[in-house]
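Colleague:
Residue numbers (this note's numbering): 34 to 369.
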């Protein structure tokens, strides 16, 4: 089972859940692993989880499953170890790693900082200057926060641990070299460079690619893997390297057109779809009325209504966007 306590604790930190016992338990978990437990670290866990929720919902906005927030607080209880939950595990791990790493670089967390191995070293054409992101500390915190809470020995646990690792791997591989020139009149006689993580939107998109290529598997009775989770699946002693970059899941996804009382899923009836056709509209948005409504047996209706939207947004470094809420009249299409 997913590290439910850890995720629940993160939601508490994000201000979504109020309870004191979880705070005490998770503080003990972090202390037991000799990690600095201070307010900055705890706040970053909550910020990371909020980042994961917002980007997950953005990635799946026009899909039948649209990443409801309660999947982060309930763990995979009821949801199962599906492709969708594999994405939740991966993006949670990635987001917590990302936020902690970025705030270490900014000097907002004691005990960590820029990459000490890239500080003033001279290469052939440039000098390592500025502040290079150093994901290792963020990865360590994430492992204690998520991985160490997984105590099972079944396929679900294996999938969760693998997917946490995929999330961290995508963050690490998003690092790119950035440089700026120094010299008279822009002559660029000297360059100083640093390594920096990509914007989290790119990381969330890369995880979506790995979700689309996710591999279904299960354990055989003798402890070996069966790819495809079926008797006819290929039995192997070691999971093939070719699959390690993609997400793993155990159970087939349910029919998200229908409501599910166990998880609180409401189905797609009532969901808003889009009839926008202008340039720049994504494929999933173009097909949303078909995928959310028609293919689920619903009609498409439209109505004028007042809605609240984010407006006057401003970016707050490193990882948050602050917006006002504005009301306006719009024509919306929805499944009925």
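Glycine included, C-beta positions come from ideal geometry on N, C-alpha and C.
Could you tell me whether the Cβ atoms of residue 336 and residue 361 are closer together than 8 Å?
Modeller: Contact: no.
Colleague: Please state the DSSP three-state secondary structure of residue 310.
Modeller: Note: residue 310 maps to coil in three-state DSSP.
Colleague: Under 7 Å Cβ to Cβ from residue 367, same chain only, skipping five residues before and after it: list those, please.
Modeller: Closer than 7 Å at the Cβ level, and outside the excluded window around residue 367, lie 303, 304, 305, 306, 334.
Colleague: So, helix, strand or coil for residue 225, using DSSP?
Modeller: Residue 225: strand per DSSP, three-state reduction.
Colleague: On the DSSP letters alone, give me the boundaries of the beta strand (DSSP E) that residue 215 sits inside.
Modeller: Note, residue 215: beta strand (DSSP E), 209-215.
Colleague: Would you say the beta carbon of residue 197 is closer than 7 Å to some non-hydrogen atom of the ligand HEM?
Modeller: The ligand HEM is absent from the structure shown, which contains no ligand whatsoever.
Colleague: Is there a Cβ of chain E sitting closer than 8 Å to that of residue 363, yes or no?
Modeller: In the displayed structure, chain E is absent; only one protein chain is listed.
Colleague: Give a yes or no on whether the C-beta atoms belonging to residue 170 and residue 145 are separated by under 8 Å.
Modeller: For residue 170 and residue 145, yes; Cβs fall inside 8 Å.
Colleague: Between which two residues does the beta strand (DSSP E) holding residue 333 run?
Modeller: Element bounds for residue 333: 333-349.
Colleague: In three-state terms, what does DSSP make of residue 195?
Modeller: Here residue 195 sits in helix by DSSP.
Colleague: According to the neighbour-count rule (16 or more other Cβ atoms, all chains shown, within 10 Å of its Cβ), is residue 104 buried or exposed?
Modeller: So residue 104 ends up on the buried side.
Colleague: For residue 193, which of 247, 310, 363 has the nearest alpha-carbon?
Modeller: Nearest of 247, 310, 363 to residue 193, Cα basis: 247.
Colleague: Taking residue 161 as the reference, give the member of 226, 328, 221 with the closest Cα.
Modeller: Ranking 226, 328, 221 by Cα distance to residue 161 puts 226 first.
Colleague: Counting beta carbon pairs with one atom in the region 226-237 and one in the region 286-305, are three or more of them shorter than 8 Å?
Modeller: No, the region 286-305 does not touch the region 226-237.
Colleague: To the nearest angstrom, report how far apart residue 66 and residue 309 are at their CA atoms.
Modeller: Here residue 66 scores only 46 on pLDDT, less than 50, and its place in the model is too uncertain to base an answer on.
Colleague: Sort 351, 363, 347 by Cα distance to residue 357 and report the nearest one.
Modeller: Here the closest residue by C-alpha is 347.
Colleague: State yes or no: is the C-beta of residue 351 within less than 8 Å of the C-beta of residue 139?
Modeller: In this structure, residue 139 lies closer than 8 Å to residue 351 by Cβ.
Colleague: For residue 354, count neighbouring Cβ atoms within 10 angstroms of its own Cβ and tell me buried if that reaches 16, exposed if not.
Modeller: Exposed, because fewer than 16 other Cβ atoms sit within 10 Å of the Cβ of residue 354.
Colleague: Buried or exposed for residue 323, please, with buried defined as at least 16 other CB atoms from any protein chain shown within 10 angstroms of its CB.
Modeller: When all chains shown are included, residue 323 counts as exposed.
Colleague: What number of angstroms, rounded off, separates the C-alpha of residue 129 from the C-alpha of residue 204?
Modeller: Distance between the alpha carbons of residue 129 and residue 204: 10 Å.
Colleague: Residue 275 to residue 328, Cα distance in whole Å?
Modeller: Residue placement at residue 275 is flagged as unreliable, the pLDDT there being 48, under the threshold of 50; a coordinate-derived value is accordingly withheld.
Colleague: Looking at residue 278 and residue 243, is the spacing between their C-beta atoms short of 8 Å?
Modeller: In this structure, residue 278 lies closer than 8 Å to residue 243 by Cβ.
Colleague: Do residue 179 and residue 132 have their C-beta atoms within less than 8 Å of each other?
Modeller: No; because the gap between Cβ atoms is not below 8 Å, this pair is not in contact.
Colleague: Find out if the Cβ-Cβ distance for the pair residue 116, residue 369 is shorter than 8 Å.
Modeller: Contact flag unset, no.
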